[in-house]
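So in the working numbering, spot 278 of the sequence shown is number 300, and the numbers just go up one at a time.
Yeah, the Cβ is synthetic: ideal placement off N, Cα and C, and Gly gets one too.
What you are looking at is a predicted structure, and each value in this text was computed from that prediction instead of being measured.
In what follows, a single structure is set out as structure tokens and then discussed.
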Amino acid sequence: MAISKTYTSPNEHGYYGDFGGAFIPEMLHRNVEELRSSYLQITSEPEFAAEFRSLLKDYAGRPTPLYYAQRLSEQMGVTIYLKREDLCHTGAHKINNTIGQILLAGRLGKKRIIAETGAGQHGVATATVCALKGLECIVYMGEKDIERQAPNVARMKMLGATVIPAMSGSKTLKDATNEAIRDWINHPDDTYYIIGSVVGPHPYPDMVARFQSVISEEIRWQIKEKTGSELPTHIIACVGGGSNAAGAFYHYLDEPSVQLVAVEAAGLGVDSGMSAATTQLGRPGILHGSKSLLMQTADGQVIEPHSISAGLDYPGIGPMHANLFVSGRGKFLCATDDEALQASFALARLEGIIPALETAHALSAMKQLQFAADDKVVVCLSGRGDKDMATYMKHIK
23 MAISKTYTSP NEHGYYGDFG GAFIPEMLHR NVEELRSSYL QITSEPEFAA
73 EFRSLLKDYA GRPTPLYYAQ RLSEQMGVTI YLKREDLCHT GAHKINNTIG
123 QILLAGRLGK KRIIAETGAG QHGVATATVC ALKGLECIVY MGEKDIERQA
173 PNVARMKMLG ATVIPAMSGS KTLKDATNEA IRDWINHPDD TYYIIGSVVG
223 PHPYPDMVAR FQSVISEEIR WQIKEKTGSE LPTHIIACVG GGSNAAGAFY
273 HYLDEPSVQL VAVEAAGLGV DSGMSAATTQ LGRPGILHGS KSLLMQTADG
323 QVIEPHSISA GLDYPGIGPM HANLFVSGRG KFLCATDDEA LQASFALARL
373 EGIIPALETA HALSAMKQLQ FAADDKVVVC LSGRGDKDMA TYMKHIK
């Protein structure tokens, strides 16, 4: 099997190195094959590209700012820029991908849209574009996440989506994904599944990364405006499945001078049994249609993850990121629940920005890195913290 010669794109079978592929039930083969055989052609059509770019600009509010965080920079002793994905319509980077996929669904003639969500941001973004296009929307969400992300559940319902709780397992993102896949198996003809991260069977990891790559496309020209160079020294992003990191890294994957830093959720501690640090704890396995790194027992049962952030509460990682980890191209760190909370309050009080708990993991990890005084660091601020206020309120002193 030919190995992809770039970190950016998988080979023809959907593999990034040893990770990827499409491991799907026979009932879904037609759907996935229809998508695989057409997504590159459709997305490269001038009419599609023009509509996608128009909606990113006029509806989602792109480009998002690259903000010099002066007080945070002074505290950390290095120049820090925040890529403000929290300023996108719906409050996170997720809208970039859902705009692209809803346009694809329309061109494939699908009238019913399903999605899974953890933190609720992908669910809100999916409900948003379904309302925009007048399509039925069903969002699967773990019962535990429904409780801790109540504002986003309310937003989805206001936008017209049906929110269905996943009651099995840990009642979080993994279980919501299981339910969404079951739905898709039962409705193969009229239903399109908008996957929210760089996970799932090929072509989803590649397709989502391409839609999110607008993040790093903008970073390149924005940081050149500010520093004279398109190349920062570091790009840091949180990783659950890994869509905001894929977008922030994409146009730098083949730039070896730029250190790519992915930050996972250590939960109560990597070795506590209550963690979601997949690269530290996982080994190769199959989950939700692709081969990647997966937290699992000796006999292959999925280990339930834990994170204070619903969007990082996932036992696997996207195959692109698994390849970055194994190859050494990416540096993978992790931050605990408490470290993420501390980083959230620090950013709020230094810069007047309340980040999502997911993003806070990336901010926290800067303390684990050694920077030179002239380094230029970009942190992908993947989402805003409104949805996490119930959690934050428990820790306000």
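Three-state secondary structure assigned by DSSP to residue i
i      : result
Leu369 : helix
Val175 : helix
Gln281 : strand
Val151 : helix
Ile25  : The predicted model places Ile25 with a pLDDT of 43, which falls under 50 and marks its position as unreliable, so this point remains unresolved.
Ile102 : strand
Glu169 : helix
Gly191 : coil
Thr213 : strand
Glu158 : strand
Thr112 : coil
Ser297 : coil
Glu138 : strand
Phe233 : helix
His343 : helix
Arg305 : strand
Gln323 : coil
Tyr414 : helix
Met163 : strand
Gly269 : helix
Ser404 : coil
Val348 : helix
Gly122 : helix
Ala91  : coil
Tyr61  : helix
Leu253 : coil
Phe74  : helix
Leu315 : strand
Ile258 : strand
Lys353 : strand
Ile117 : helix
Ala287 : strand
Member of the options whose CA lies at the smallest distance from the CA of residue i
i      : options                        : result
Gly222 : Arg177, Glu96, Glu138          : Glu138
Leu355 : Leu363, Tyr336, Leu391, Ala332 : Leu391
Asp321 : Lys313, Ser329, Ala188, Arg305 : Arg305
Ser219 : Asp228, Thr213, Asp212         : Asp228
Val100 : His328, Val280, Thr255, Val54  : Thr255
Thr86  : His35, Ile124, Asp108          : Asp108
Glu48  : Gly311, Leu88, Phe233          : Gly311
Tyr38  : Lys105, Lys116, Leu315         : Leu315
Val348 : Pro68, Thr300, Leu62, His51    : Thr300
Pro187 : Arg75, Gly142, Leu157          : Gly142
Leu88  : Ile257, Tyr215, Met388         : Ile257
Ile203 : Leu385, Cys260, Ile46, Leu363  : Ile46
Val324 : Ser331, Leu126, Ile339         : Ile339
Met16  : Lys193, Asp167, Thr199, Thr150 : A query on residue 16 cannot be resolved here, the shown segment of the chain reaching from 23 to 419 and no further.
Gly264 : Ile308, Ala394, Cys402         : Cys402
Asp167 : Lys193, Gly156, Val146         : Lys193
Lys398 : Asp40, Leu104, Ser31           : Leu104
Met296 : Gln171, Lys155, Glu326, Gly128 : Glu326
Tyr61  : Phe233, Leu195, Lys196         : Phe233
Asp360 : Leu372, Asp408, Thr413, Leu309 : Thr413
Glu362 : Ala287, Ser59, His144, Lys132  : What sits at residue 362 in the sequence shown is Ala, not Glu. The shortest Cα separation from Ala362 among Ala287, Ser59, His144, Lys132 belongs to Ala287.
Lys132 : His115, Leu77, Tyr215          : Tyr215
Lys409 : Lys246, Ala378, Ala395         : Ala378
Lys116 : Val146, Gly43, Leu130          : Val146
Gly269 : Pro68, Ile418, Val280, Ser235  : Ser235
Ser129 : Leu309, Thr381, Glu69          : The identity of residue 129 in the sequence shown is Arg, whereas the question assumes Ser. Measuring from the Cα of Arg129, the nearest candidate turns out to be Glu69.
Neighbour flag for residue i against chain B, beta carbons, 8 Å
i      : result
Val324 : In the structure shown, chain B cannot be found, because there is only a single protein chain.
Residues near residue i by beta carbon distance below 6 Å, same chain, minus five either side
i      : result
Gly262 : Gly333, Leu334, Tyr336
Ile217 : Tyr226
Gly182 : Ala153
Ile160 : Ile136, Thr184
Asp197 : Gly164, Ala188, Ser190, Gly191
Ile162 : It is worth fixing the name first, because residue 162 is Tyr in this sequence and not Ile. Once the five neighbours on either side are set aside, the close Cβ partners of Tyr162 are Glu138, Ile186, Ala188, Ala198, Glu201, Ala202.
Cut-off 8 Å between Cβ atoms - residues of its own chain near residue i, not counting five sequence neighbours on either side
i      : result
Thr28  : Leu275, Asp276
Met23  : At Met23, the pLDDT of 36 sits below 50, so the modelled position is not reliable; the number obtained from the coordinates is stated separately. Once the five neighbours on either side are set aside, the close Cβ partners of Met23 are Asn33, His35, Tyr37.
Ser26  : With a pLDDT of 47 at Ser26, under the threshold of 50, the predicted position of this residue should be treated as unreliable, though the coordinate-derived value follows. If we look at Ser26 and ignore the five residues flanking it on each side, its Cβ neighbours are Pro32, Asn33, Tyr37, Tyr38, Gly39.
Gly352 : Phe271, Leu282, Val283, Ala284, His343, Leu346
Same chain only: Cβ atoms within 7 Å of residue i, ignoring 5 sequence neighbours per side
i      : result
Glu239 : His273
Gln302 : Val292, Cys356
Leu57  : Pro225
Phe74  : Ile121, Gly122, Leu125
Arg106 : Thr86, Pro87, Tyr89, Leu403
His328 : Gly289, Leu290, Met296, Ser297, Ala298, Asp335
Which residue spans inside the stretch 370-399 form an unbroken alpha helix (DSSP H) run of at least 4? Runs found: 379-386.
Counting Cβ pairs, one atom from each stretch, are 3 or more of them under 8 Å apart for the stretch 173-181 and the stretch 207-216? As far as the Cβ criterion goes, the stretch 173-181 does not touch the stretch 207-216, which means the pair count is below three.
Three or more C-beta pairs below 8 Å linking the stretch 110-118 and the stretch 69-84: Because the criterion of three Cβ pairs below 8 Å is met, the stretch 110-118 and the stretch 69-84 touch.
Decide if the stretch 367-375 is in contact with the stretch 91-99; the criterion is three or more beta carbon pairs, one per stretch, under 8 Å apart. Touching, yes.
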